[in-house]
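Read the structure below first, then the notes.
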Amino acid sequence: MLVHQAFRFELDPSTRTRSALSSHCGASRYAFNWGLGLVEDQLAATRTLGVLALRQGASTKEASAWARQVTGPVPWSLPALRREWNRQKTAVAPWWKENSKESYSSGLDALARALKNFSDQKRGTRTGASVGFAHKKKRWARRSCRFTTGAITVVDDRHVQLPRLGCIRTKEPAVKLRRLLDRGQARILSATVSEGAGRWFVSFTCEVERQDLPATDPAAVVGIDLGVKHLAVLSNGAVIPNPKALGRYERRMRRLQRAASRRLKGSRRRARTKVQLARCHRKVAGTRRDVLHQLTTRLATTYGVVVVEDLHVKGMTAAPKPAENGDGTYARNGARAKAGLNRAVLDTSPAELRRQLTYKLAWHGGRLVVAGRFFPSSKLCSSCGETKVKLSLAERSYRCEHCGLVIDRDLNAALNLAAYGRRALSVAGSGPETQNARGGAHPRLRPDAPMKREDGTGRPGRTVTASSQGEAA
Ligand SMILES: [Zn+2]
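Written out as structure tokens, the structure reads:
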């Protein structure tokens, strides 16, 4: 299968290369802002001329047509922007030779994309989140620069080659990519350098010929519940614990956040604390991503169908509610801060899990089923299909008043998701569209899909103890 895949390495640049990297990213930002200024000036000029024409008694249509003719076409596309840049660069940026031409091109490309998104939105041809007009890139914007042509390669296991920047050592071995390139199984399409919390990275976008084995159990369905207490609980009863490192970082993050808020805005010390905090955030995100990678690889190589919740469901429900003082304000007992922290740590996960699963399942011929936004995975009884009206977050186990099932809350949710996936598949058949199956069916389970051990390796369910005629406490 031919896929686009990114390979990211941390760089270990010399001081000289470091400033060259900065310079390239700065050049990219400069070109972006310069192009944006050009576009804005021209739009403003056209507007002013139009108003003048209107005052002279022209009709609206005539006025705008005349104004546009006088000012000429707005450089809205990448080729147009690049043409203007090449015409004016010697005057506006006499230092342009210091950086690779790719750096300016990368800034103008970003601008052209932003402008296109804006006009697509105006025309109504764009889906997704709404976008406004392009903004000037500020000094503190994320620094990055993309190379699409020139000498871009992995020299050996520890060095990469980039246009103008030359050979740069990597902190991590680039063996995997080097090997793919040697065998002719990968082709580098572009390289992006970027800075994050004081470190430099390069990300190669490659076209890779992948040869993956199909999932070991293609007929198996597994549901995943991402949790607060554990990283994830699978419907086969497996519990993936949170990485231990998180707790330590969490404490440190809270301390740094407090320290930062006490420091004077705009001061050096505050900036320093912010950098420390950013590093901490990156560590947490990195740790979590690693664990997620291990999990998703295991899932994709084992199961044919993986069922997850729609995004943001957990994000909205998992945060502990701060105590309200009655006048619309909230008690500042740390609950609020903790809630924010939980969210920061957790929020990335559902999206990241889904992203990784989407491409990994595709590699192994599996399918991802996303349960609809309103599927009450944690309120539903996985045995009889009864829905609870209320289930507080403090309740760690699910007790069904109807059939007496007592089961771990997260496992219950995972089982419900697995059942949802089975139903979605039987409704949708084997069409390729099941990836986004929203089901839409009644949330209740079919009686033939009760809490069985999950397909697959099936560790025994942990707290599955269905008492006979239990009364809820
Ligand atoms: Zn029940």
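Quick note: the sequence shown, position 465, residue 464 per numbering that gives the first Met the number 0, numbers continuous. Note that beta-carbon positions come from the ideal geometry of N, C-alpha and C, so glycine has one too. As the structure is a computational prediction, the values presented were derived from the model and not from experiment.
Cβ-Cβ distance between T272 and A284 below 7 Å: The residue labelled residue 272 in the question sits at position 273 within the sequence shown. The residue labelled residue 284 in the question sits at position 285 within the sequence shown. Using a Cβ distance threshold of 7 Å, T272 and A284 do not count as a contacting pair.
Is the closest heavy atom of ligand 1 to the C-beta of S377 under 6 Å? Within the sequence shown, numbered from 1, the residue matching residue 377 stands at position 378. In this structure, the C-beta of S377 stays at least 6 Å away from each heavy atom of ligand 1.
For E194, verify whether its CB is less than 6 Å away from any heavy atom of ligand 1. Within the sequence shown, residue 194 is the residue found at index 195, counting from 1. Result no, Cβ not under 6 Å from ligand 1.
Is the beta carbon of E394 within less than 6 Å of some heavy atom of ligand 1? Taking the first residue of the sequence shown as position 1, residue 394 is located at position 395. Checking every heavy atom of ligand 1 against the Cβ of E394, none is found closer than 6 Å.
Could you check if H134 belongs to the surroundings of ligand 1, using beta carbon to heavy atom distance under 6 Å? Locating residue 134 in the sequence shown gives position 135, where the first residue counts as 1. No; taking the cut-off as 6 Å, the Cβ of H134 has no heavy atom of ligand 1 nearer than that.
If you check the beta carbons only, do T169 and V159 fall under 7 Å apart? Working through the sequence shown from its first residue, we reach residue 169 at position 170. Working through the sequence shown from its first residue, we reach residue 159 at position 160. Yes. Within cutoff.
Any idea if K359 is buried or exposed, counting beta-carbon neighbours within 10 angstroms, 16 or more meaning buried? For the purposes of this step, residue 359 is identified with residue 360 of the sequence shown, where counting begins at 1. Buried, since its Cβ has 16 or more Cβ neighbours within 10 Å.
Option nearest S105 by Cα separation, candidates F146, P93, D119 and R186: On the sequence shown, position 106 is the one that residue 105 refers to. The shortest Cα separation from S105 among F146, P93, D119 and R186 belongs to F146.
Helix, strand or coil, according to DSSP, for T147 in the structure here? Indexing the sequence shown from 1 puts residue 147 at position 148. Note: T147 maps to coil in three-state DSSP.
Between the stretch 388-398 and the stretch 406-413, do three or more beta carbon pairs fall short of 8 Å? Touching, yes, given that three or more Cβ pairs across the two stretches are closer than 8 Å.
Going by the beta-carbon positions, is the gap between F200 and I187 smaller than 7 Å? In the sequence shown, the residue the question calls residue 200 occupies position 201. In the sequence shown, the residue the question calls residue 187 occupies position 188. Here F200 is not near I187, since their CB atoms are 7 Å or more apart.
Flag L390 as yes when its Cβ comes closer than 6 Å to any non-hydrogen atom of ligand 1, and as no otherwise. Your numbering for residue 390 matches position 391 in the sequence shown. No - ligand 1 has no heavy atom lying nearer than 6 Å to the Cβ of L390.
Mind checking which residues open and close the beta strand (DSSP E) that includes F374? Locating residue 374 in the sequence shown gives position 375, counting from the first residue. DSSP places F374 in no beta strand (DSSP E); its state is neither H nor E.
Let's test the definition: count the other Cβ atoms within 10 Å of the Cβ of F373 and tell me whether it reaches 16, buried, or not, exposed. By one-based count along the sequence shown, residue 373 stands at place 374. So F373 counts as exposed.
Could you please give me the residues that DSSP links to F31 through a beta bridge? One-based indexing of the sequence shown puts residue 31 at position 32. BP columns for F31 are empty, so no partner.
If we count the other Cβ atoms within 10 Å of its Cβ and call it buried at 16 or more, is N85 buried or exposed? Counting from 1 along the sequence shown, the entry for residue 85 is found at position 86. Here N85 is exposed: its Cβ has fewer than 16 other Cβ atoms, across all protein chains shown, within 10 Å.
Cutoff 8 Å; reference T433; Cβ partners in own chain excluding five residues on either side: Reading the sequence shown from its first residue, position 434 is the one you call residue 433. With a pLDDT of 39 at T433, under the threshold of 50, the modelled position of that residue is not reliable, and the figure given next carries that caveat. Same-chain partners within the cutoff: R366, V368, A423, L424 and A427.
To the nearest angstrom, report how far apart L107 and S143 are at their CA atoms. Here residue 107 refers to the residue found at position 108 when the sequence shown is read from its first residue. Here residue 143 refers to the residue found at position 144 when the sequence shown is read from its first residue. The alpha-carbon atoms of L107 and S143 are separated by roughly 13 Å.
Euclidean distance between Cα positions of E351 and V290: Indexing the sequence shown from 1 puts residue 351 at position 352. Indexing the sequence shown from 1 puts residue 290 at position 291. Cα to Cα, E351 sits roughly 11 Å from V290.
Among L42, G197, R28 and D40, which one has its Cα closest to the Cα of Y103? The residue labelled residue 103 in the question sits at position 104 within the sequence shown. Among L42, G197, R28 and D40, the Cα nearest to that of Y103 belongs to R28.
Considering only residues of the same chain and omitting the five flanking positions on each side of A140, which have a CB-CB separation below 8 Å? One-based indexing of the sequence shown puts residue 140 at position 141. So the qualifying residues of the chain are R28.
Kindly give me the distance between the Cβ atoms of T70 and A111, rounded to whole angstroms, as I take these residues to be in contact under 8 Å. Numbered from 1 along the sequence shown, position 71 holds the residue referred to as residue 70. Numbered from 1 along the sequence shown, position 112 holds the residue referred to as residue 111. Your pair T70 and A111 does not check out as a contact, with CB atoms roughly 19 Å apart and the cut at 8 Å.
So, for Q275: in the same chain, excluding its five sequence neighbours on each side, which residues have a beta-carbon less than 6 Å away from its beta-carbon? For this step, residue 275 is matched to residue 276 along the sequence shown. The residues are L255.
What residues are listed by DSSP as bridge partners for D407? For the purposes of this step, residue 407 is taken as residue 408 along the sequence shown, with counting starting at 1. Residue pairing by DSSP puts D407 in a beta bridge opposite S396.
How many angstroms separate the CA atom of C380 from the CA atom of P74? Start at 1 with the first residue of the sequence shown, and residue 380 comes out as number 381. Start at 1 with the first residue of the sequence shown, and residue 74 comes out as number 75. If you take the alpha carbons of C380 and P74, they lie about 59 Å apart.
Assuming T215 and T295 make a contact with CB atoms under 8 Å, what is their CB distance in whole Å? Within the sequence shown, residue 215 is the residue found at index 216, counting from 1. Within the sequence shown, residue 295 is the residue found at index 296, counting from 1. T295 and T215 do not touch by the CB rule: their CB atoms are close to 15 Å apart, not below 8 Å.
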